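Just below is one structure, and these are the notes that go with it.
Residue numbers (our numbering), protein chains in the order written: chain Y, 49 to 148; chain H, 50 to 895.
Here's what the structure looks like:
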């Protein structure tokens, strides 16, 4: 899980910013239409809703189970998976991807 | 000085001996048939030189085979050389185009690929056309203009335009699979992974789009077992070309346990690493920050010192992201020795400074970091033996670092309530009640609206018998969180204790308050009540208190008791009522001797049921504390009689209940353990090979300690039956066995350890055996198990001892392979039993 990526807020976002991002996200992905995404958004919000939540996560007091990875790739893959709206790469990057 | 030229002696290559073409041809065909086209080609080459017209076709055919193999094995340069050679000898170009395209693609030459593919895309077979189309797209050739235009729209997020561009590609076009692929890509970016998956599944296998679609799966989280190329593709697809270069290398190094190398790789190419941004680099920073949590002790011993080397020794360290990462990982792992503490004191200011520089100052962060350290510093209870109760508590001095850290956390940010709550729990562990109460008073003033604080304050008041005050705190906590089950349970406990206290005080006013508390309790019975929390038990308790407190209310009590019969089995109700009389009668006016309920009748075997025995036992375990250790004899006698009566008519199906009952009895004292032992032996008679019951018999000492072979046999039986609980019980039992503990892996068990383990039981039985009439012991070897037990009982041996002796004889007979009794030396029950000592280490399937 990467709550900041899911809610699309910066690492130093304050409580109000996180709350607004959460409300915007659930408006975009309501539970009746997008139950899976709604679950991800709710989990992300619960993880960083308050300053204490964010600090506990930062220090390693909370969210450890979903934050511990066995390898760098696993960590990056979790980041990619947390992205609710992935953006396409640039045209050159896409061709580089095809040639790779 | 003139340089002396070395005379180069040219070795003359031995001239190829003229060979018989028939022999060469036969050999080459044979090599081809064996699957070695490269060798076969050598033969055909010689034949082609001898007679080009005759052997050309065969030579070209075999060379094409070699080229295909070279391409499939990743040797495109070799393939290119052979293709050029075929061109030189005048091979038909149409024969070469497909392979030329493939080689150009593999060599990363889009122009050459396009040139070769241009004709093929119109005239080749299906597979060749697809391959040619892929090459044209890679080369961004004119023929692939529609696909390239669609890619351009895709990358700009222009879905409708992309669709329009793809419209021109017909179903039969060699680019048709690109239409499918790009639709799948668009579906992925439009957050429709199912549609993407559907499109990707329909791609022709082996085509470029089919190969590339795997990268989307990595982005979806399916990263297990992917190779470096797929990682690179996924990174490029996510728009991270620098990460595409570095991540595969870092991943490889990490998996081969070269942790610091993996870290260093990510710092190459001016990568934004480490950082605290919301990006893959920030995620990698967090990964390395917490990596120690997933490491073994030995890996940490390598990782943490290597991380610390990133901070320059002696010089001033600039606070930043790297120092923050290093300090946070190092401080987490540095709990313990004094030398580590001194490093910790150096790191702490750097840690706080770095964080402040990156994300601004925060008192709460400092408080929470102290708190985190306290959690690491707080000593844990050390459990001595998993099978028997009791633990070795740490000394008060061991708590001091945690207390200091918690006080520092409170000083850093007094509004951080977790720190005082944790300090409260530490004080409770240390039984420092006055400090705990003082802290609670401060906390209720500082956090008047905190559910957690109000809950703790309520609990503390109930412990001090200040029920009214405790219930007030808990009531406020419930207002803040009406569904918290912990608060509700504590309120029920408070109400019950309050009701009992009022009834014990006596007097009409007090009784009215007590009744009020009971009414409130009855209104808040949980959905899943504890052993004595259901409505029936509450009514029984109420009726007993009414009886004992005021004779004039006896009708009400009888009414309540009758009402209770609905959800409590009669025997359990009778028992509970008796126990309540015992608990509350001692100090009352009427006293226990006048209570008719105390004189419990001996249960009839027909009425006693094991499920009720289990319920009664659970109740007893909960109520025992009310007697301050002095259990009343009538109640004890009744429970024993009841459990015996219930065990008398055990059936095979009762196994589950028996296991529950004896597991509960394990820590309940000598009396209960003896009773449990008897029940286990009875149940074992129903199924002698039951591995779980056998294990319980060993634990309770009803059977002699097992040999490794017996343990292995029990494990095999548990595996055969699929009994996971039995396996777990045997595993834990094996851990407890002294011989297993004393043994190193691969080392045979020491004889002394086996003897020590058995010594206690042998010592007890030695007297019985020595006191037997001459010849009786030998005669016992002739009998069956049950006959042995009967014989021993007739000889005056206690039934339990008789069972054990009979079991031991059975074990000895099994070990000696049914040796004649005369061969067994008298006096030592264990001597000469070879397999018992020499068994291999237990091989448990976990």
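In this text, a Cβ means the ideal position worked out from N, Cα and C, and glycines have one as well. Since we're looking at a predicted model, the values are computed, not measured.
Would you kindly work out how many angstroms separate the C-alpha atoms of residue i and residue j, rounded to a whole number?
| i | j | result |
| --- | --- | --- |
| residue 344 (chain H) | residue 117 (chain Y) | 10 Å |
| residue 585 (chain H) | residue 543 (chain H) | 19 Å |
| residue 56 (chain Y) | residue 75 (chain Y) | 14 Å |
| residue 326 (chain H) | residue 62 (chain Y) | 15 Å |
| residue 838 (chain H) | residue 859 (chain H) | 11 Å |
| residue 199 (chain H) | residue 292 (chain H) | 26 Å |
| residue 49 (chain Y) | residue 282 (chain H) | 22 Å |
| residue 421 (chain H) | residue 324 (chain H) | 22 Å |
| residue 707 (chain H) | residue 425 (chain H) | 41 Å |
| residue 84 (chain Y) | residue 616 (chain H) | 43 Å |
| residue 303 (chain H) | residue 295 (chain H) | 12 Å |
| residue 59 (chain Y) | residue 52 (chain Y) | 7 Å |
| residue 271 (chain H) | residue 68 (chain Y) | 31 Å |
| residue 207 (chain H) | residue 235 (chain H) | 9 Å |
| residue 854 (chain H) | residue 475 (chain H) | 50 Å |
| residue 301 (chain H) | residue 123 (chain H) | 21 Å |
| residue 21 (chain H) | residue 195 (chain H) | Since the displayed chain H opens at 50 and closes at 895, residue 21 (chain H) lies outside it and no answer follows. |
| residue 239 (chain H) | residue 139 (chain Y) | 17 Å |
| residue 593 (chain H) | residue 630 (chain H) | 6 Å |
| residue 697 (chain H) | residue 549 (chain H) | 38 Å |
| residue 337 (chain H) | residue 354 (chain H) | 14 Å |
| residue 176 (chain H) | residue 257 (chain H) | 12 Å |
| residue 507 (chain H) | residue 523 (chain H) | 5 Å |
Just tell me which of the options has its CA closest to the CA of residue i.
| i | options | result |
| --- | --- | --- |
| residue 136 (chain Y) | H:394, H:579, H:211, H:103 | H:211 |
| residue 192 (chain H) | H:161, H:224, H:200, H:209 | H:224 |
| residue 595 (chain H) | H:574, H:552, H:586 | H:552 |
| residue 750 (chain H) | H:95, H:726, H:770 | H:726 |
| residue 410 (chain H) | Y:103, Y:110, Y:124 | Y:103 |
| residue 259 (chain H) | H:484, H:517, H:245 | H:245 |
| residue 182 (chain H) | H:767, H:227, H:205 | H:227 |
| residue 761 (chain H) | H:339, H:779, H:664, H:745 | H:779 |
| residue 567 (chain H) | H:232, H:554, H:546, H:556 | H:546 |
| residue 776 (chain H) | H:347, H:525, H:744 | H:744 |
| residue 147 (chain H) | H:129, H:711, H:333 | H:129 |
| residue 204 (chain H) | Y:147, Y:143, Y:148 | Y:143 |
| residue 127 (chain Y) | H:268, H:231, H:161, H:105 | H:268 |
Just the chain H side, please: which residues come within less than 8 Å of residue i by C-beta, in chain order?
| i | result |
| --- | --- |
| residue 115 (chain Y) | 335, 339 |
| residue 88 (chain Y) | Neighbours of residue 88 (chain Y) on chain H: none; closest Cβ ~12 Å, over 8 Å. |
Which residues in chain Y sit within 7 Å of residue i, going by Cβ to Cβ distance?
| i | result |
| --- | --- |
| residue 280 (chain H) | 121 |
| residue 272 (chain H) | 121, 122, 125 |
| residue 492 (chain H) | Neighbours of residue 492 (chain H) on chain Y: none; closest Cβ ~17 Å, over 7 Å. |
| residue 327 (chain H) | 52, 53, 58, 59 |
| residue 290 (chain H) | 141, 144 |
In chain Y, what lies closer than 8 Å to residue i by C-beta?
| i | result |
| --- | --- |
| residue 903 (chain H) | A question about residue 903 (chain H) goes unanswered here, because the residues of chain H that appear run from 50 up to 895. |
| residue 421 (chain H) | 107, 108, 109 |
| residue 286 (chain H) | 137, 141, 142, 145 |
Buried or exposed: which applies to residue i, given that a residue is buried once 16 or more other Cβ atoms fall within 10 Å of its Cβ?
| i | result |
| --- | --- |
| residue 102 (chain H) | exposed |
| residue 873 (chain H) | With a pLDDT of 36 at residue 873 (chain H), under the threshold of 50, the modelled position of that residue is not reliable, and the figure given next carries that caveat. Counting Cβ neighbours within 10 Å, residue 873 (chain H) comes out buried, since at least 16 surround it. |
| residue 686 (chain H) | exposed |
| residue 54 (chain Y) | buried |
| residue 576 (chain H) | exposed |
| residue 273 (chain H) | exposed |
| residue 490 (chain H) | exposed |
| residue 306 (chain H) | exposed |
| residue 216 (chain H) | exposed |
Residue i touches chain H at which residues, Cβ-Cβ below 7 Å?
| i | result |
| --- | --- |
| residue 99 (chain Y) | 413 |
| residue 139 (chain Y) | 200, 201, 204 |
| residue 91 (chain Y) | The premise fails here: residue 91 (chain Y) is roughly 15 Å from chain H at the closest Cβ pair, so nothing lies under 7 Å. |
Going along chain Y, which residues have a C-beta under 9 Å from residue i?
| i | result |
| --- | --- |
| residue 464 (chain H) | Neighbours of residue 464 (chain H) on chain Y: none; closest Cβ ~10 Å, over 9 Å. |
| residue 417 (chain H) | 100, 103, 104, 106, 107, 109 |
| residue 267 (chain H) | 121, 125, 128 |
Q. Closer than 7 Å, Cβ to any Cβ of chain H: which residues of the stretch 56–82 of chain Y, in chain order?
A. 58, 59, 60
Q | Interface positions of the stretch 233–254 of chain H facing chain Y (Cβ-Cβ less than 8 Å), listed along the chain | A | 234, 237, 238, 240
Q.
Tell me which residues of the stretch 300–311 of chain H have at least one Cβ-Cβ distance to chain Y shorter than 7 Å, keeping chain order.
A. 300, 303, 304, 311
(Q) To be precise: take each residue of the stretch 195–210 of chain H, compare its Cβ to all Cβ atoms of chain Y, and keep it if any distance is under 7 Å. Which residues remain? (A) 200, 201, 203, 204, 206
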